[in-house]
Structures are given as structure tokens and as C-alpha cells.
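Engineer:
Protein chains in written order, with this note's numbering: chain A, 1 to 191; chain B, 192 to 846; chain C, 847 to 949.
(1) So, does the CB of residue 826 (chain B) fall closer than 9 Å to a CB anywhere in chain C?
(2) Given this structure, state the Cα-to-Cα distance separating residue 916 (chain C) from residue 41 (chain A), to the nearest angstrom.
(3) Go through its chain and collect everything with a Cβ distance to residue 907 (chain C)'s Cβ below 6 Å, but skip five positions before and after it.
(4) Given that residue 106 (chain A) touches chain B, what residues does it touch there, using C-beta distances under 7 Å?
(5) If we ignore side chains and look at the alpha-carbon of each, how far apart do residue 927 (chain C) and residue 825 (chain B) end up?
(6) Residue range of the beta strand (DSSP E) that residue 277 (chain B) falls in?
(7) Against chain A, with Cβ distances strictly below 9 Å, would residue 852 (chain C) count as a contact?
(8) For residue 808 (chain B), decide whether its Cβ has a neighbour in chain C, counting only Cβ atoms nearer than 9 Å.
(9) Is residue 43 (chain A) near residue 82 (chain A), with beta carbons less than 9 Å apart?
(10) Exposed or buried, which one is residue 273 (chain B) when buried takes at least 16 other CB atoms within 10 Å?
(11) Below 7 Å CB to CB, which residues in the same chain sit around residue 107 (chain A) once its five sequence neighbours on both sides are set aside?
(12) Answer yes or no: does any C-beta atom of chain A fall closer than 9 Å to that of residue 843 (chain B)?
(13) DSSP three-state label for residue 932 (chain C), please.
(14) Which chain C residues sit within Cβ distance under 7 Å of residue 167 (chain A)?
(15) At 9 Å on the CB atoms, spell out the chain B contacts of residue 941 (chain C), in chain order.
(16) Using a Cβ-Cβ cut-off of less than 9 Å, give me the residues of the stretch 851–874 of chain C that come near chain F, in sequence order.
(17) Using 9 Å as the limit for Cβ to Cβ distance, is residue 88 (chain A) near chain B?
(18) Taking residue 120 (chain A) as the query, report the chain B residues whose CB atoms sit under 9 Å from its CB, ordered along the chain.
(19) Buried or exposed: where does residue 839 (chain B) fall if 16 or more other Cβ atoms within 10 Å of its Cβ makes it buried?
(20) Entirely within the stretch 629–680 of chain B and at least 4 residues each: give me those alpha helix (DSSP H) ranges in chain order.
(21) In chain order, which alpha helix (DSSP H) runs of at least 4 residues are fully inside the stretch 16–63 of chain A?
(22) Hey, how far is the Cα of residue 34 (chain A) from the Cα of residue 822 (chain B)?
(23) In three-state terms, what does DSSP make of residue 266 (chain B)?
(24) Alpha carbon to alpha carbon, how far is residue 360 (chain B) from residue 652 (chain B)? Give it in angstroms, no decimals.
(25) Grab me the residues of residue 649 (chain B)'s own chain with a C-beta within less than 8 Å of its C-beta, minus the 5 sequence neighbours each way, in chain order.
(26) For residue 313 (chain B), which residues in the same chain have their Cβ closer than 6 Å to its Cβ, ignoring the five residues on either side in sequence?
(27) Give a yes or no on contact between the stretch 518–535 of chain B and the stretch 489–502 of chain B, applying the rule of three or more CB pairs nearer than 8 Å.
(28) Compute the distance between the beta-carbons of residue 535 (chain B) and residue 284 (chain B), then report whether it is under 9 Å.
(29) Does the beta-carbon distance from residue 890 (chain C) to residue 865 (chain C) come in below 9 Å?
(30) Compare the C-beta of residue 81 (chain A) against all C-beta atoms of chain C and say whether one is closer than 9 Å.
(31) What are the start and end residues of the alpha helix (DSSP H) that includes residue 689 (chain B)?
(32) Taking only runs of the alpha helix (DSSP H) that begin and end inside the stretch 891–944 of chain C, which ones reach a length of at least 4 residues, in chain order?
(33) Determine the DSSP secondary structure at residue 531 (chain B), reduced to helix, strand or coil.
(34) Which value, in whole angstroms, describes the spacing of the CA atoms of residue 277 (chain B) and residue 343 (chain B)?
(35) Residue ranges of each alpha helix (DSSP H) run of no fewer than 4 residues wholly in the stretch 292–353 of chain B, ordered along the chain?
(36) In angstroms, rounded to a whole number, what distance separates the CA positions of residue 639 (chain B) and residue 571 (chain B)?
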């Protein structure tokens, strides 16, 4: 394929173009998540936003994170959220009640926060050295494996315990209360 | 304990027996019913025997020399440089006190068997009496200031318990409280005095204090005013315990207790503790003659004040109570003029004849169905003969009619006052002697000789008291009659002088008294004649006024006399308004002050506290509105806080 | 633009702000949880960007991002379980009707 190195009219590199597109998709769908009236659509837009973010991770030269993003967020958390939405969706009229009465104050706060973050980021001199991409990305799998399973073994184990606890806790919390005569010896014996 | 250990054991037995009697009677007395007295009386009789043996050893055999028997039971408080032992001393002064305390104590115990026979609380009474005996003996035998102070408080406690013995009677409970509280005022001074002694000499043992404190004064280690201060603080304790002006108000009220208690504690023993204390600490007072003048002044003032009040009281026990005050005043005056031996002599004789008079009055009260008002007595002399005779002896003794006991001791006090240069003390003392003879025979007249005012319902039941009561009366009457002769003759060289002169000679020489020989044909004879004549005059005046054996229309004469001295009469009748003064000072003004403080406490202090509380409460109520309970409101707060902090960071730090 | 850390950080900040707005403004508990996920993702983006652009981190950014994801997964599990439990009691997913914290 003989694509040109840069976009003809704008003079941008393809990376830049992809970045702009993905950023636009991500922010746009995120806005739809928080502004949309239909909660199922919000959930779906959230998936889109996560997917765009995965693309940005690839652009950043972090393919492992991108893969994990797809697996965990799109594959697991989103599905979980969609299930939760369906479990809590009551028939009829949730649309009018979408926003809190403090929505305007929230908007102001969020806008101020965005402004502050942007200003701070732009005013700060970051210790950046290397350009993104090749060097880090190629070494990343080996390096990441080394870091995860040698240097941070303990943290990984703790995280695994945390996830186990979360699973048990989730089951315990979401489990429907049994009737007292169901034959369980103690209320918490099943957890 | 080494040599003489038998005697040391006996000294301990003096304390242990009454304490054991108290414990056993308190534990088992209730079950013993009417026989509750057995243990208590047996203990006191045993104590008397032991005490008499020790007195013999001390005073007649001189088994312990002039210094007396001193020994340590155990180390009590070994706190660094502050070291106090439980140690006892038995010298001539203690021995003389033992005679009075154990003899009167034993007779009062025996008397009480009859007197309290019908009281359901008799076991409690005997337990308390034994406890008192323990405390009093501890007081007499203690050989350091702290142990003395403990005993001092214990006798105060026993006194409180026994005054309030009939605690269901409101007046008795109040009198007990009054006695206790007034005593605390004096005891505060005494305690301060003990602390002052310790800080200056670093020891509390009598012997060490009495040698070192004068040495310190001589070497300039302490100033003269400090010495006087210590003496006056000790005297404050004595004033409280011996009910001298201005702390005299508790003693008359203490007559709410059973009559044997009045005889034992409030006439013969405990109230003498103050006299004993001043006599004991005589080496200190020798260095502070100014303090002695105060002692003399307060003593003689109390004497005339109390005697004047006794003239008009109608409660038979109150007359005797004021008489006790007056006689105690004599003793203090005697101590104050440097006449120590006469003071102790008077203490002994007074213990006998006042104990006798109180027990006799108890017998009288018993015979007329517990009536104490003399206006409802009269013409009892034929009906209760033994009581009458014994009380007559007591009255003659206290009036100072020779050759009964009071004559010798009182005369010696007056004589020494005159010869030691305290003419004013002598002058007032003579007046007091006149008043004493008068009020005593007023009492006798109204009770025994004058026309009968006994309630007609009671009249047929008047009876002589049982033997339990009359035998102690007779024994005490004998003592009151002969004690003066035995101890006081020959003048200025009798037994009492042989016993006690070595103890006080050092002090008397420091004060520059004594040494003058007794001249019956000279100044002393004149003084004796004067005081005897005065006493006889008082007796005669009372005779005329109070219708002895139906002589004359005495009621009209009494009225004429009271009319002529109306102001004085009402003042005396109202005890010179001391109770009213105290009421005004402490109850009214003190109450107002306390009410003011109470107001301050309620409105300012509590107001501040409550104000802070209600401020917190109301601000909490206001702030509670912020707590909506909605998670997102809180989250917005977090966001706002984040924004403010970030903005602040940017503005202040970055730029 | 892609060779610039600022771009990624600004993007991250904007996403975080959007998530904040959602968390503060949505009444639905699940929508709030979704907003939280957005915020977590914004933070993750910043971490990965730092890991890429700061040589001293040497790939640590990736590791941290993975940890964050794991924790976020746990959080989502428990959070949704709680929402469901509350919903079962209150019959509503609307957070502003849960005000028992006030009492």
C-alpha cells in the first residue's frame, strides 16, 4: 500500500490523524455516556469509549495495556454493568429523571476541573525524553513480564487475593436473602 | 521490749482491753440483750486495776525515775526524713491523768449499767464507751504529737457518737454535729501547729521536740514569733477540745447525750484533754510567755462568762455544763499564770466532783421521769436521800468550801495567780468563785430544797435510783470529799506537788515563778480567807433566794433581783447571745455568702459550661442542614474542595 | 502531536472531567458507576502516557495500569453488587432517594 507519509492537506502524520479521531470518538462517546437519557445507550457508548481508549494505548506503544483494556473493560466490566442495568431497570419512565438537581453546579465544577487540569498540564514542564513507539514498545512484553512476576510478585499476589475477596463479596452482597426456614445453619455460613 | 516488759505489757493492756471490749461488745452485744454491759464493764475494771498498779509504780515506787517509762511499739511512718513511731510514755503527768480517767471511767461504766438498763441500744452505748476509754487512754499515753493527734480525733469521734447516741432526736443529732464541727476548727489549728513543729525540728517525739525547740530558739534557728505561733496553734486545739471561748458553744449542747456521757466525756476526761495538752507542752510555752498570757486571758474570760450564764439556766445539765466551762477556764487561767501543778490538781478534783454532780443530776433526772427542767423539780431531798447527800458534797466541793476537794485546788490556783503577779486573774477568779457558789446552790435549792413543782403525775413515782447508780455516786462523793485533803495537804507540799513538781520545775524556773514559800500566816492565809468568805457569801445568797427548807417567800425575792438586773438577766439567760452571734455570722452571713457563691456557680460557671454546650448544639443543628444524606452532595463538596486546593496551588505556588 | 505528552495528559484531564460531571450529575447509581469507570480510565491513560514518555519508569507504567485495571474490576464487582442489593431493598436505582445516611 502506498499511503503517503502525511495527510495531504493538513500535513499531519497518520498517527496524529488516528489520535485525533480516537480522541474525538472517546470524548464524544464519554459525553454521551454522562449526558444520555437512556441508560442502556450510556452503557453501549461506554464500551465505545473504552474501545477508543484501547486504540490510544496502542498508539502510545502499550499493546499489553490495550489488550487488557479490551479484555477487562470491554469484555468483563461492561458486560457486568449491562447486566446490572438490566437487573435494576424498572418498566417505564426513567428518562425524565436522569439528572440530579445539582447538575448545573456539577457542570460548572467539571468545567473548572477540566480547565485547571489543562492549564496545569500545559504549564508544567514534564521530564519527557523519548519519542513514543518503537523502543519501548518492542521491549515491553519482556520488561512487563519481568516487572510483574519478578519485581512485583507480592503485589500481584495481593491483587489476586483482592480479586478473590471481591468475587466472594459480590456474591455475598448480591445473593438474594434466603428465607429463614431454608435450612442454613448460620446466616453467613455460605459466604 | 526488754526490761520492765511486764509494765510495758500493762501499758498496752490499758489500750488493748477497752479496744477488745469495744470490738466484742459491738460484735456480740446485741445478742447479749440486757447483759451487754458485762464485757465492757469487765474490761474497764481490769483497766482500772492495771492502771492503779502502773500509777503506784510511777508515782510511789518511782520505778521509772523522773523521766517516766517510754517505749516504742513499732515504727509507724518511716517516710524518708519524716519518721513517726507508735511510742508510749508514762510519766507522772500521764499517771495522774490515768487516775482520773480510769477511776471516773470505771464508775461511769458501772453507773451506766443502771442508767441505761431500759434503753434498747445499750450494747451500742457500752461499745462506744469502751471505744472512748481506748481513745482517751491513747491520748494520755501517746508519746508523740501525731499519735496524740490521732487520739485527739478519736476522742472527738467518740464524743460525736455518744452525743448523738439518741440519734432519732433531731436536737441530739444537731448537737453531735455541732460538737464535731466546732472541734474541727480548733483541730485545724492543732494540726497546723504539729506541721509547724515538724518543719522546724523535724521530729514529733515529745522528748526531742521539748529539748530541741528551745535550743533552736536560743541559737536563733527560729524567731520568737514562730515559737509563739506554734504555741498559739497548739492552744487553738486545746480551746476547741476544752470548749474555751470562742469555741465554747458546743459543750452545753453536748448535754443532749446520755448523762453518763456528760459526766465522763464532757466533764471529767475529754474536755480536760486541752489542759493536759498545754501542761504536756509546757516546755514550749515556757519559751513563749506571751502565749501564756493569751491562755490565761482566754481561760479566765471563759470562766466568768460561763459562770454568769450558769446563773440563769434552768436545765439542770446545762447549769453543770456551763459550770464545767467555767472550771476549765480556771484551769487554763492557772496554766496561763504558770501554775501548772494547781491546774492539774484542779483537773483531778474537778474530774471527781463534776463527774459526781453529773451522775447525781442523772439520778435526779431518772427519779423525776426524765425531766431536766429545774423549774419542775423541788423538795426532792427527802425522796432521794443518797443522791441528795452526794450532790450536796459535790456542790460544796465545787463551791470551794473547806475541807472538800475544790477548796484546795481552786485556792491554789487563785493563790498562785496572785503571787505570780496576775492580780487581774485573781480578781476575776474571786468573782467567779462567788458566782460558782451561788449558781451551785441555786441548783441545789431549786432541785432539792425549794417548794416542789414536780408534775403531779410524776410525784408518786419519785424513787431513789438502783444500787448500780448509787454506789458510784457514793464512791465519787468520797473521792470528792477527800481528794483535796489527800493530795493537797500540806499546802504547797502535798502529794500532788511531790509527784508533779519535778516535771514542771524547769518551766517554772524559766518563767521565774515558784520558789516563794507558803505562809499560812501571811499572804496565803489572807487569800484563803478571802476566797472562802466569798464562796460562803455566794452560798448564803443562794440560800436566801431559793427557799431552803421553805424559808421565806423566795419567789418574790428572785423576781425582785431579776427585775433589778433585767438587762444582765436576759443576756445571761440567752447565753450572752453567742449562739445568736454564731447564727448571724455563720448561718446568716455565711449562708448569704454561700448563696452568692451558689449564684455565681449556677449562673457564671454553669452558664459558661452550658453556654458552650448549647452553642455547640445550635451550631450542630445549623450544620446538620449541610448533611443532606445524599452521596452526590458530598461528592460535589469533594470536587469543590479539590478545585479550591488546585486553584490555590496554582495561584500561590506555581505563579 | 502524538509525540507530545501534553496531548495525552490533556485528553486524560478532559476524560476525567467528563467522568466527574457524570458522577456528580447522574441520579442513577449504575450511571454513576460508569462515570467512575471513565475516571479510572482517564487516570490509567495518564499513567500509561507517563510510562511511555518518561524513560526512568522503564515500563512500570504498564504494570501500574494493569494493577489499576485489576483493582477497578474488583471495585466494579463489589460496587454493582451493592447497587443490586440496595435496589432490591429500595426498589429504585436512583441515588438521591437513598438518604438514610442522614438519620
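Where a beta carbon is used, it is the ideal one built from N, C-alpha and C, also for glycine.
Structural biologist: In short, the structure shows the following:
(1) On the second chain, residue 826 (chain B) is found 635 positions in, with the first residue counted as 1. Taking 9 Å as the CB threshold, residue 826 (chain B) lines the interface with chain C.
(2) The sequence position of residue 916 (chain C) within the third chain is 70, counting from 1. The sequence position of residue 41 (chain A) within the first chain is 41, counting from 1. Taking the CA atoms as reference points, residue 916 (chain C) sits about 25 Å from residue 41 (chain A).
(3) As a working mapping, residue 907 (chain C) is identified with position 61 in the third chain. Taken in chain order, the residues that qualify are 893, 894, 896, 897.
(4) What you label residue 106 (chain A) is simply residue 106 of the first chain in a count that begins at 1. Ordered by position in chain B, the residues that pass the 7 Å Cβ test against residue 106 (chain A) are 827.
(5) Counted from its first residue, the third chain places residue 927 (chain C) at position 81. Counted from its first residue, the second chain places residue 825 (chain B) at position 634. Those two C-alpha atoms are separated by around 22 Å.
(6) As a first step, residue 277 (chain B) must be located in the second chain, where it is residue number 86. Per DSSP, residue 277 (chain B) belongs to the beta strand (DSSP E) from 273–281.
(7) As a first step, residue 852 (chain C) must be located in the third chain, where it is residue number 6. Output row for residue 852 (chain C): interface = yes.
(8) Start at 1 with the first residue of the second chain, and residue 808 (chain B) comes out as number 617. When Cβ-Cβ separations below 9 Å define contact, residue 808 (chain B) makes no contact with chain C.
(9) In the first chain, residue 43 (chain A) corresponds to position 43, counting from 1. In the first chain, residue 82 (chain A) corresponds to position 82, counting from 1. In this structure, residue 82 (chain A) lies closer than 9 Å to residue 43 (chain A) by Cβ.
(10) Locating residue 273 (chain B) in the second chain gives position 82, where the first residue counts as 1. Burial call: exposed.
(11) Translated into the one-based positions of the first chain, residue 107 (chain A) becomes position 107. The beta carbon of residue 107 (chain A) sits closer than 7 Å to none of the beta carbons in its chain outside the five residues before and after it.
(12) Indexing the second chain from 1 puts residue 843 (chain B) at position 652. Taking Cβ atoms only, chain A never reaches closer than 9 Å to residue 843 (chain B), which makes this a no.
(13) Walking along the third chain from the start, residue 932 (chain C) turns up at place 86. In this structure, residue 932 (chain C) counts as helix in the three-state DSSP scheme.
(14) One-based indexing of the first chain puts residue 167 (chain A) at position 167. Around residue 167 (chain A), the beta-carbon contacts reaching into chain C at under 7 Å are 923.
(15) As a first step, residue 941 (chain C) must be located in the third chain, where it is residue number 95. Those within 9 Å of residue 941 (chain C) in chain B are 821, 822, 823.
(16) In summary, chain F is missing from the structure at hand, where the protein chains are A, B and C.
(17) On the first chain, residue 88 (chain A) is found 88 positions in, with the first residue counted as 1. Chain B, which has no Cβ nearer than 9 Å to the Cβ of residue 88 (chain A), makes this no.
(18) Taking the first chain and counting its residues from 1, the one referred to as residue 120 (chain A) is at position 120. Contact note: residue 120 (chain A) reaches chain B through 837, 840, 841, 845, using a C-beta cutoff of 9 Å and chain order.
(19) Taking the first residue of the second chain as position 1, residue 839 (chain B) is located at position 648. Under the 10 Å beta carbon count, residue 839 (chain B) is surrounded by fewer than 16 other beta carbons and is classified as exposed.
(20) Entirely contained in the stretch 629–680 of chain B, the alpha helix (DSSP H) runs reaching 4 residues are, in chain order, 658–679.
(21) Taking 4 residues as the shortest admissible run, the stretch 16–63 of chain A contains the following complete alpha helix (DSSP H) segments, listed from N- to C-terminal end: 39–59.
(22) By one-based count along the first chain, residue 34 (chain A) stands at place 34. By one-based count along the second chain, residue 822 (chain B) stands at place 631. Their backbone Cα atoms lie some 17 Å apart in a straight line.
(23) Within the second chain, the letter at position 75 stands for residue 266 (chain B). The answer is strand: DSSP assigns residue 266 (chain B) an E or B state.
(24) Start at 1 with the first residue of the second chain, and residue 652 (chain B) comes out as number 461. Start at 1 with the first residue of the second chain, and residue 360 (chain B) comes out as number 169. Approximately 25 Å, taken between the alpha carbons.
(25) Taking the first residue of the second chain as 1, we reach residue 649 (chain B) at position 458. Apart from the 5 residues on each side of it in sequence, residue 649 (chain B) sits with its Cβ closer than 8 Å to the Cβ of 559, 560, 562 in its chain, given in chain order.
(26) As a first step, residue 313 (chain B) is located in the second chain; it is residue number 122 there, counting from the start. Excluding its 5 nearest sequence neighbours in each direction, residue 313 (chain B) has C-beta neighbours in its own chain below 6 Å: 227, 307, listed in chain order.
(27) The stretch 518–535 of chain B is in contact with the stretch 489–502 of chain B.
(28) One-based indexing of the second chain puts residue 535 (chain B) at position 344. One-based indexing of the second chain puts residue 284 (chain B) at position 93. Contact: yes.
(29) Working through the third chain from its first residue, we reach residue 890 (chain C) at position 44. Working through the third chain from its first residue, we reach residue 865 (chain C) at position 19. Their beta carbons are not under 9 Å apart, which means residue 890 (chain C) does not touch residue 865 (chain C) by this criterion.
(30) The sequence position of residue 81 (chain A) within the first chain is 81, counting from 1. Chain C, which has a Cβ nearer than 9 Å to the Cβ of residue 81 (chain A), makes this yes.
(31) Your numbering for residue 689 (chain B) matches position 498 in the second chain. Its alpha helix (DSSP H) spans residues 686–702.
(32) Runs found: 906–936.
(33) Within the second chain, residue 531 (chain B) is the residue found at index 340, counting from 1. Of the three classes helix, strand and coil, the one that applies to residue 531 (chain B) here is helix, per DSSP.
(34) Looking up residue 277 (chain B) in the second chain gives position 86. Looking up residue 343 (chain B) in the second chain gives position 152. Cα to Cα, residue 277 (chain B) sits roughly 15 Å from residue 343 (chain B).
(35) List check, alpha helix (DSSP H) in window: 313–332.
(36) The residue you call residue 639 (chain B) lines up with position 448 of the second chain. The residue you call residue 571 (chain B) lines up with position 380 of the second chain. Going by C-alpha positions, residue 639 (chain B) is about 4 Å away from residue 571 (chain B).
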